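Here the UniProt record's numbering is used: the first residue of the sequence shown is 1, the next is one more, and so on.
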Amino acid sequence: MTVSEWITDTAGRIRNDPIRGTADSVYELYLGGLRRANTLYTGGESVYNRDWDVLILLDACRVDLLEEVAADYPFLGEADTLTSAGSSSIEWMEQTFDEEYAEEMQTTAYVTGNPFSKRVLGNGDVLALDEVWRYGWDDEAGTIPARNVTDRAIAAGREYDYERLIVHYMQPHFPSVPDPLTDGMNTETLGDGEGWDSPWHRLRRGEIDRDRLWESYRSNLRYVLEDVDVLLRNLDAERVVISADHGNAAGEWGVYGHPKVPLTPIREVPWYETTATDTGERDPEIEPDTERGDIEGKLGALGYL
């Protein structure tokens with residue numbers, strides 16, 4: 001955002017709501033400075049620099065959130081961390097699916113519920129690209145259900161001859177499927193430039209408290225981990241890693257959510273190693289659809305525009 005754009009946006013915000021508008025503009029100005037620092041940040045490690053056969057990404061999962069529930073899921077063993085290559089999903093994709101790793105990409109199958117794949121990848125960039133968000137979006141839930149991603153990952157595991165498989169779930173990224181804090185997201189009404197008023201924005205404005213947000217966030221993590229358990233019983237892999245593309249800030253340094261800023265709660269992600277054995281107990285129920293949904297609407301609904 002340029003200075004002139006910020007001034008124009010500020011004027012509009014203040015006209016609509018002087019108090020909230022001023023606060024939002026000050027916050028955006030502050031984030032602008034942090035985003036400039038992000039362009040100079042040289043930390044972060046590509047997942048391709050580590051050993052794994054299957055990489056399961058839990059979108060926007062904080063390290064401490066996963067630590068809270070790890071004991072309830074036997075497949076989550078010894079905990080480690082990774083400094084992510086990105087502070088947001090698109091930055092993670094841009095840094096991961098980079099020309100430097102072109103050879104590795106040609107042997108990687110990528111099953112994703114995250115719509116930013118549209119902006120980074122084409123069908124020839126990886127061995128196989130399954131963009132589940134294109135046909136597996138649930139308008140009522142306002143997101144991509146975990147089971148749709150699970151089923152397509154099971155199918156990929158059985159159909160493709162890959163060296164590496166990346167499975168990118170949208171949870172625990174809000175909205176929380178089992179415990180919504182908003183009315184949800186509708187691709188027909190969102191994506192109009194204003195984006196989605198996420199629970200992180202509401203927390204910053206004091207409209208909900210941190211404990212209530214965390215409860216919903218944790219429920220959404222448990223929701224997706226139940227599907228990870230299903231996946232691990234229907235996939236053959238010796239080295240499976242459960243990680244995240246990025247985390248979230250919950251007020252650290254006055255930041256909320258995951259803007260492109262180099263803060264530890266956003267950049268540091270979990271790294272759990274496990275194994276998977278295909279018992280054949282589940283047959284995938286969803287098949288790719290040739291219909292193309294409202295891509296920009298979905299991105300806007302997720303708060304990415």
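The beta carbon of each residue, even a glycine, is placed where N, CA and C say it ideally should be. Please read all numbers here as calculations on a predicted model, not as lab measurements.
What number of angstroms, rounded off, separates the C-alpha of Val-269 from the C-alpha of Asp-98? Taking C-alpha positions only, Val-269 is separated from Asp-98 by approximately 20 Å.
With 16 as the cutoff for other CB atoms within 10 Å, does Trp-137 come out buried or exposed? Buried, because 16 or more other Cβ atoms sit within 10 Å of the Cβ of Trp-137.
Three-state secondary structure (DSSP) at Ala-71? Helix.
Cβ-based neighbour list, Glu-163, same chain, cut-off 6 Å, excluding 5 preceding and 5 following: Excluding residues up to 5 positions away in sequence, Thr-107 lie with their Cβ nearer than 6 Å to the Cβ of Glu-163 in the same chain.
Segment limits, alpha helix (DSSP H) that includes Pro-199: 199 to 204 is the span of the alpha helix (DSSP H), which, as asked, contains Pro-199.
Opening and closing residue of the alpha helix (DSSP H) in which Tyr-169 lies: Counting along the chain, Tyr-169 falls outside any alpha helix (DSSP H), though it belongs to the beta strand (DSSP E) covering 164 to 172.
To the nearest angstrom, report how far apart Thr-81 and Asp-72 are at their CA atoms. Spanning the two alpha carbons is a distance of roughly 19 Å.
Name the two residues that bound the continuous beta strand (DSSP E) containing Asp-59. For Asp-59, the enclosing beta strand (DSSP E) begins and ends at 54 to 59.
Does the structure place the region 263 to 281 close enough to the region 53 to 64 that three or more beta carbon pairs sit under 8 Å? Contact between the region 53 to 64 and the region 263 to 281 is present, because at least three Cβ pairs lie under 8 Å.
Mind checking Tyr-91: buried by the 16 CB within 10 Å criterion, or exposed? Reading off the sequence, residue 91 comes out as Glu, not Tyr. By the C-beta density criterion, Glu-91 is buried, having at least 16 other C-beta atoms within 10 angstroms.
Where Gly-206 and Asp-51 are concerned, what is the direct C-alpha to C-alpha distance, given to the nearest angstrom? Between Gly-206 and Asp-51, the C-alpha separation is close to 42 Å.
Got a sec? Which residues, its chain only, sit under 6 Å from Ala-155 by beta carbon, not counting five neighbours each side? For Ala-155, where only same-chain residues beyond five positions count, the Cβ hits under 6 Å are Pro-284.
Could you compute how far the alpha carbon of Leu-203 sits from the alpha carbon of Thr-275? Going from the Cα of Leu-203 to the Cα of Thr-275 covers about 37 Å.
Since Asn-87 and Pro-262 are thought to touch, with beta carbons under 8 Å apart, how far apart are those beta carbons, to the nearest angstrom? It should be pointed out that residue 87 corresponds to Ser in this sequence rather than to Asn. About 7 Å; that satisfies the 8 Å criterion.
Under 8 Å Cβ to Cβ from Glu-78, same chain only, skipping five residues before and after it: list those, please. In chain order, Tyr-272, Glu-273 place their CB closer than 8 Å to the CB of Glu-78, counting only its own chain and leaving out the 5 sequence neighbours on each side.
At least 3 beta-carbon pairs within less than 8 Å: the region 165 to 185 vs the region 142 to 152: Three or more Cβ pairs drawn from the region 165 to 185 and the region 142 to 152 lie within less than 8 Å of each other, which places the two stretches in contact.
Separation of Trp-253 from Glu-287, as counted between CA atoms: Computed Cα separation, rounded: 44 Å.
Hey, how far is the Cα of Glu-67 from the Cα of Arg-218? Distance between the alpha carbons of Glu-67 and Arg-218: 11 Å.
Meets three-Cβ-pair contact criterion under 8 Å: the region 100 to 114 and the region 123 to 133: Short answer: they touch.
Per DSSP, Gly-257 is paired with what? Per DSSP, Ala-249.
Counted within 10 angstroms of its Cβ, other Cβ atoms place Thr-150 as buried (16 or more) or exposed: Buried is the call here.
Cβ distance (whole Å) where Val-111 is taken to contact Leu-235 below 8 Å: Rounded, the Cβ-Cβ distance is 11 Å, inconsistent with contact.
Since Val-228 and Ile-56 should fall inside the 8 Å C-beta cutoff, what is the C-beta to C-beta distance between them, to a whole number of angstroms? So it is a contact: roughly 6 Å between Cβ atoms.
Ile-242 in three-state terms, based on DSSP: Strand, per DSSP.
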